[in-house]
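Those letters in the sequence shown? Residues 161 to 264, per my numbering, in order. Just so it is clear, CB atoms sit at the ideal spot from N, CA and C, and this is done for glycine as well. Okay, so here's the structure we're looking at.
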Amino acid sequence: MKAALIQELKDAFNASGQMDPKATELINNLEAVVNSILFFKKDKEMKIKYPDIYKMQVEGEEKKFDAIKNSLIELGSRNNIDIEAIFDKQRDAAQELEDFFKDE
161 MKAALIQELK DAFNASGQMD PKATELINNL EAVVNSILFF KKDKEMKIKY PDIYKMQVEG
221 EEKKFDAIKN SLIELGSRNN IDIEAIFDKQ RDAAQELEDF FKDE
């Protein structure tokens with residue numbers, strides 16, 4: 161899902177002809193934060209041995225994600241790009257996948 165989100169954001173800005181350095185920087189920062197979140201969530205040992213530190217790190221990265229997401233949405237709205245729809249689409253796709261593998 162991560163790669164699809166990043167590519168869809170790049171494509172949206174490129175298609176609008178509005179891929180400016182700020183958009184590129186925000187998308188690159190978003191990719192780094194997503195990679196950090198995925199790394200921390202895969203670190204089961206840290207989650208078990210140091211749950212408070214683990215939680216603090218994940219929450220910190222999630223706050224960064226939200227801040228970058230909001231900046232991208234704002235930048236997109238100034239350029240008539242519906243960035244929020246891209247995030248919603250990716251969230252819905254991830255939820256469908258999670259539901260598919262859920263035990264009933």
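Based on Cα-Cα distance, which residue from the options lies nearest to residue i?
| i | options | result |
| --- | --- | --- |
| Ala172 | Lys249, Ile241, Ala253 | Ile241 |
| Ile228 | Asn188, Asn174, Glu168 | Asn188 |
| Met179 | Lys207, Gly236, Lys204, Lys162 | Gly236 |
Between the beta-carbon of residue i and the beta-carbon of residue j, is there less than 8 Å?
| i | j | result |
| --- | --- | --- |
| Glu222 | Ile197 | yes |
| Tyr210 | Phe200 | no |
| Ile246 | Glu168 | yes |
| Ala164 | Gln255 | no |
Could you check where the alpha helix (DSSP H) with residue i kicks off and where it finishes?
| i | result |
| --- | --- |
| Asn174 | 162–176 |
| Asn240 | From DSSP, Asn240 is part of no alpha helix (DSSP H); its letter is neither H nor E. |
| Met206 | 204–209 |
(message) Between the region 190–206 and the region 214–229, can you find at least three pairs of beta-carbon atoms closer than 8 Å?
(response) yes
(message) Three or more C-beta pairs under 8 Å: does that hold for the region 224–232 against the region 176–186?
(response) yes
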